[in-house]
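Numbering-wise, my numbering puts 344 at position 142 of the sequence shown, and it's gapless, one number per residue. Beta carbons: idealized from backbone N, C-alpha and C, even for Gly. Values in this document were obtained by computation on a predicted structure and should not be read as measured data. The structure under discussion appears below in the form of structure tokens.
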Amino acid sequence: MVKKAPRRTAERILEVTLDLFNRFGEPNVSTTLISAELRISPGNLYYHYPAKDELINALFDRYESALTELLAASDGVRNVEDAWFFLHTLFELIWQYRFLYRDLNDLLSKNRRLETHFQAILKNKTRAVRALLDGMGRAGALHMDLRDQEATATSMVVVLTYWLSFEYVRDPRRALEPESAQAALLRGAHHVLNLLVPYLEGSQRAHLLELVGAYTPAPPGG
Numbered sequence: 203m204v205k206k207a208p209r210r211t212a213e214r215i216l217e218v219t220l221d222l223f224n225r226f227g228e229p230n231v232s233t234t235l236i237s238a239e240l241r242i243s244p245g246n247l248y249y250h251y252p253a254k255d256e257l258i259n260a261l262f263d264r265y266e267s268a269l270t271e272l273l274a275a276s277d278g279v280r281n282v283e284d285a286w287f288f289l290h291t292l293f294e295l296i297w298q299y300r301f302l303y304r305d306l307n308d309l310l311s312k313n314r315r316l317e318t319h320f321q322a323i324l325k326n327k328t329r330a331v332r333a334l335l336d337g338m339g340r341a342g343a344l345h346m347d348l349r350d351q352e353a354t355a356t357s358m359v360v361v362l363t364y365w366l367s368f369e370y371v372r373d374p375r376r377a378l379e380p381e382s383a384q385a386a387l388l389r390g391a392h393h394v395l396n397l398l399v400p401y402l403e404g405s406q407r408a409h410l411l412e413l414v415g416a417y418t419p420a421p422p423g424g
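Structure below.
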């Protein structure tokens, strides 16, 4: 039996760093803690990533690359079901890199590269949401004039960007724990789509209610 080659140290460092950032928040995780968690020397860590910002930037690059690929799928959204799947997948990606959103304002104030790249991300999210609205409009799934489309697209992007912050403030001790993930993602997708309710064609509105009901966890003891 051939043994699998060990994963490169640099890859392991990023995986462990992402986990620690997500669990404790980036400001609360030092490079000393990361090297201790990995059971490597600080010198070994610095060899691969000489500064904490380089770890943050490397993780952000992965997120940005995955996000760019995902946002392109907005062109294929034609109805509520497509939009639900697209938004849920988007929230799953945001959850995977949730430290960026949990500590967003702090990170942007300290990291010029993230500041400029996140501005581009906001533009790309807005462009993707407009494409989603255009596609649903052409398919007859919703009816919305251009003025409402601009305002609604902005509102949807605001919810997408700050939903996890809202979840965290609402329940700081549990909101960003793994066991809370599914419920948080569902609530986020629901609230983004709920902005479209006044504009949805009747059967599409009914289908959205069905989707929300099907995916909403039953209450304890229910």
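Take the alpha-carbon of V331 and the one of A355: they are about 6 Å apart.
Minimum Cα-Cα distance from H250 among the listed residues Q298, T219 and R300 corresponds to T219. The Cβ atoms of R304 and Y370 lie closer than 7 Å to each other.
Beta-bridge partners assigned by DSSP to L289: none are found. When secondary structure is reduced to three states using DSSP, L397 falls in the coil class, being assigned neither helix nor strand. In the structure shown, the three-state DSSP call for L344 is strand. Annotation: the continuous alpha helix (DSSP H) that includes R304 extends over R300 to R304.
Closest by C-alpha distance to A253, out of R264, E266, R241 and S237, is S237. In this model, G337 and S276 are separated by some 8 Å (Cα to Cα).
Taking the Cβ atoms as the reference, L366 lies roughly 7 Å from L378, within the contact range of under 8 Å.
Remark: C-beta atoms of A391 and H290 approach each other more closely than 7 Å. Using a Cβ distance threshold of 7 Å, L295 and A268 count as a contacting pair. Beta-bridge analysis with DSSP links L402 to L344. Short of 7 Å from the beta carbon of D308, and not among the five residues preceding or following it, lie these beta carbons of its own chain, in chain order: P229. For the region 220–268, the full-length alpha helix (DSSP H) segments reaching 4 residues or more read 233–240 and 244–250 along the chain.
P374 carries a coil assignment under DSSP once its states are collapsed to helix, strand and coil. The beta carbons of Y401 and L348 sit no closer together than 7 Å.
Residues of the same chain with a CB within less than 7 Å of the CB of P244, apart from the 5 flanking positions on each side, are T233, T234 and S237 in chain order. At a Cβ-Cβ threshold of 7 Å, H319 and V361 do not count as neighbours. Around the C-beta of A408, fewer than 16 other C-beta atoms lie within 10 Å, and the residue is accordingly described as exposed.
Cβ-Cβ separation between L410 and V282: approximately 5 Å, consistent with a contact (criterion under 8 Å). In the structure shown, V361 falls within a helical segment according to DSSP collapsed to helix, strand and coil.
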